[in-house]
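For the sequence shown, the numbering used here gives the first residue as 2, with consecutive numbering after it.
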Amino acid sequence: CHSCIQADSGNQPDIIWVKHEKPTSIGVDDVRDQIISDMQIKPYSSRYKIYIIDEAEKLTVAAQNALLKTIEEPPVYGIVIFLTTNADIFLQTILSRCVMLDLRPIKDSVVEEYLKSNYDISEYECRFAANFAQGKIGRAKTIVESTEFAHLKQDVMHVIKNAKEMSSAEIMSVVKDITNYKLTIDDYLDLMAMWFRDVLLFKSTNDTNYLIFSDEISLIKSQAQIMSYEGIQDILNSIDKVRIRLKANVNFDLCIELLIMAMKEAM
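Below is the structure:
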């Protein structure tokens, strides 16, 4: 139908994708201007007016609080959709006013083919993004479109390549740098876990066909030769501990420092 064609081309006036100026957060002004105020205007041509907040985990606490009344008592035509990979980060008052829908992940091969068809990037980049996205096509698109993700991956690789030789002062400097990724720390830790999963996989099988970081095979081989199974598992366990501790509001810098020290010891 005409409305579907508009939606597919991104020109449906009653489907509003919420944008934000700051790359790492969605603030009060963003939701007030694009959702709260705009929702007072009736739909142009549709029965409903739909607001979609992608990467909704970036909503600040103040922005979430500002949305409470709107999502509790919206106009009959108003719908707000929060897209997120981490519902735990939302205020309980937000979650209690929402209907949770868990979406099934898409096969990596389907995501990879989509990226090949729609982006002028290498086969490796398509495969890496598809693997990292874990079945979420929106996340895969963000990965290939975002310079932020490229920088994050670069910084993760810097730590992986240099942790063994880092002095205490260098570790503290790296910890300070990683604080820039507080809001995307899950991606940071996922990349690190994927790397050591590759090292463990190669050490176990001596097979490079299933490696995600296939552009770093020589380093993977080198680390697999040097590190013990126990050392690799210790790092993976340390990454899991960081996730748990951060959710429990343990000091961020301390968590990251302990992780890098565990890497240094195991490598």
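Glycine included, C-beta positions come from ideal geometry on N, C-alpha and C.
Item, Value
"Which class does S230 belong to by DSSP, given the choice of helix, strand or coil?", "The residue you asked about is not Ser; residue 230 is Tyr in the sequence shown. DSSP places Y230 in helix when its eight states are reduced to three."
"Starting from the C-beta of V32, find all residues in its chain whose C-beta is less than 6 Å away, skip the five residues before and the five after it, and write them out in chain order.", "A64, A67 and L68"
"Which runs of the alpha helix (DSSP H), 4 residues or longer, sit entirely within the segment 49-100?", "62-73 and 93-96"
"Excluding the five sequence neighbours on either side, which residues of its own chain have a C-beta within less than 6 Å of the C-beta of F83, listed in chain order?", "I54 and A57"
"How would you call D199, buried or exposed, if buried means at least 16 neighbouring beta carbons within 10 angstroms?", "buried"
"Rounded to the nearest angstrom, what separates E131 and R140 at their Cα positions?", "Just to set this straight, residue 131 is Ala in the shown sequence, not Glu. Spanning the two alpha carbons is a distance of roughly 9 Å."
"What are the residues that DSSP puts in a beta bridge with I16?", "I51"
"Using CA atoms only, rank isn't needed, just tell me which of K70, K137, S97 and I90 is closest to D103.", "K137"
"What residue range does the alpha helix (DSSP H) around E113 cover?", "D109 to N119"
"Are there three or more Cβ pairs, one per stretch, closer than 8 Å when the segment 227-236 is compared with the segment 168-185?", "no"
"Using a Cβ-Cβ cut-off of 6 Å (strictly less than) and excluding sequence neighbours within five positions of L92, which residues of its own chain qualify?", "Q65"
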